[in-house]
Every structure is written in structure tokens, then in C-alpha cells.
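Counted the way the working numbering counts, the sequence shown spans residues -9 to 86.
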Amino acid sequence: MYQVAQPLPPSIPSCAEAGHHPHLVRTQGAPLRHHLGAPVVPTWHIECCRCQVATVPHPSRAIAESRWTDPSGAYRIPLSQLRRAREQFAAAALAA
Ligand SMILES: [Zn+2]
């Protein structure tokens, strides 16, 4: 599993607090405990290590961006739960 991070495009708002540099992250490959050999689609999320927050991963970059800007905050999770969210996504994709 590997990740590629890039700065948010100018169209996407940063954190409310100044000095934060959230990143758009593309993750490829199987998370831990995923069934060996099963294909896993790359997912996107946005994370800020200063806030310790990330969006729930999704295969669509556009949706990842909309999850970051969602005013309800429903798609934001603690950074520490990101791995688990990817495992759940992989399991759901496998079951589909
Ligand atoms: Zn932040």
C-alpha cells in the first residue's frame, strides 16, 4: 500500500485555522488484513495532520473534495481511524 500526497487545489478551502496545510491523498493497494490477491481500487481522501482529521476515503477525487467541504462534517473522521475506514471500504467493495 502506498500513498501519494499533493497540496489541495486553490479551489478547495483549507482549515479554519491559519498555518494548516491539509493534503489531498491518493492511496493505492490493499490495507492491512485485506484478502490477499483481491483487487482494491485506489481511493482519495483529504487529511490535515495538524487537525488530526481525514475524510472518509472514496474512489472519486471529486467526492473526496466534496466530503472535505461538507458543512455537516459527516464525512470527517479522526486520522487514527483512517486505516479502519479503508479496511471497511475494501471489505464493502469486495462484497459488492
Ligand atoms: Zn488543519
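Beta carbons: idealized from backbone N, C-alpha and C, even for Gly. Remember, it's a predicted structure, so these values are computed and weren't measured experimentally.
Problem set entry | Q(-7) - DSSP class collapsed to helix/strand/coil | Against the sequence shown, residue -7 aligns to sequence position 3. Here Q(-7) sits in strand by DSSP.
Exercise. So R40 packs on H48, CB below 8 Å; how close in whole Å?
Worked result: Within the sequence shown, the letter at position 50 stands for residue 40. Within the sequence shown, the letter at position 58 stands for residue 48. Incorrect: roughly 22 Å between the Cβ atoms, too far for contact.
Problem set entry | A75 beta carbon less than 8 Å from that of V30 | On the sequence shown, residue 30 is found 40 positions in, with the first residue counted as 1. On the sequence shown, residue 75 is found 85 positions in, with the first residue counted as 1. No, the pair does not count as a contact, with Cβ atoms beyond the cut-off.
For this session: Rounded to whole angstroms, what's the CA-CA distance from E37 to M(-9)? Just pull it up for me.
Result: Reading the sequence shown from its first residue, position 47 is the one you call residue 37. Reading the sequence shown from its first residue, position 1 is the one you call residue -9. Whole-angstrom Cα-Cα distance: 17 Å.
Exercise. Taking just the CA atoms, how far does A52 sit from F79?
Worked result: For the purposes of this step, residue 79 is taken as the residue at position 89 of the sequence shown. For the purposes of this step, residue 52 is taken as the residue at position 62 of the sequence shown. Spanning the two alpha carbons is a distance of roughly 17 Å.
Exercise. With DSSP run on the structure shown, which of helix, strand or coil describes Q71?
Worked result: For the purposes of this step, residue 71 is taken as the residue at position 81 of the sequence shown. Reduced to three states, the DSSP call for Q71 is helix.
For this session: Mark V(-6) as exposed unless 16 or more other C-beta atoms lie within 10 angstroms of its C-beta, in which case mark it buried.
Result: If you number the sequence shown from 1, residue -6 lands on position 4. It counts as exposed.
Exercise. Between the Cα of S50 and the Cα atoms of T59, R66 and P32, which residue gives the shortest distance?
Worked result: Mapped onto the sequence shown, residue 50 falls at position 60. Closest by alpha carbon: P32.
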